[in-house]
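In the working numbering, the protein residues as written are 243 to 510. Beta carbons are placed, not taken as given, at the ideal position from N, Cα and C, and that holds for glycine.
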């Protein structure tokens, strides 16, 4: 499942418990640090921006809450806007989540769409993809080196001690979101998987996955967002080589959410 956890819907702990009890494999949480009141960036979904976009909990805090009441559920970001996050702090947050969960953390990343939001963090939207690249590479150095250092255009630090280290070896998987012309470049260079949105630049998906894996020279895992809750859609994606599908869960109060999850379990 992927969803927005807010102050107006089910809490992350009861959500995590409910998902695991019903046999779901993972929980991916979206994030927006804030939404500027005056905004020119169009929402990719079209129309008015839904209310839950600007009421989200911090994803790492929420995922930690879900992790403490579950034993198998993978807990990930879908996606973390790391162009708005300090890489040294991000490395510690994800490694801490991996420790708390016993090695179940996943870091989904993307460049984001809300230019006004980025600018409030001091990020230039025109260079955000170069910034994203450096921050992922820097985070991986911090996760895997005892004395990590990084020297780039945007990220620059001399050798540091950064702990905790993740439980997973060599580190939690980094899933790269998007389906643009240069997305595969990022997946091949610094991603551990690809995470596109269903129907948004993903057809013909089987050919795209084959191309990606040929370029990477490895079996790149693919997780697809916003999959229609229909058995034929799941079968189509499985045939294309997709390893995991994410259904969108509406942001609703606890009782309504549990009823929605019960309807989804027929697809498992």
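Query	Result
Host beta strand (DSSP E) of residue 327 (start-end)	Note, residue 327: premise wrong, no beta strand (DSSP E); not H, not E.
Under the three-state DSSP convention, the category residue 243 falls into	coil
Nearest neighbour of residue 434, chosen from 338, 446, 463 [CA to CA]	463
Integer Cβ distance of residue 376 from residue 353, believed to fall under 8 Å	So it is not a contact: roughly 12 Å between Cβ atoms.
Residue range of the alpha helix (DSSP H) that includes residue 378	370-386
Beta-carbon spacing of residue 319, residue 490 below 8 Å	no
Proximity below 8 Å, CB of residue 350 to CB of residue 330	no
Opposing strand residues paired with residue 398 [DSSP bridges]	393
Between the CA atoms of residue 471 and residue 506 - distance to the nearest angstrom	7 Å
Min CB distance residue 357 to chain D below 8 Å	Of the protein chains in the structure, only one exists, and it is not chain D.
The alpha helix (DSSP H) enclosing residue 310, as first and last residue numbers	301-310
Those residues which DSSP pairs with residue 490 across a bridge	244
Helix, strand or coil at residue 315 [DSSP, three-state]	coil
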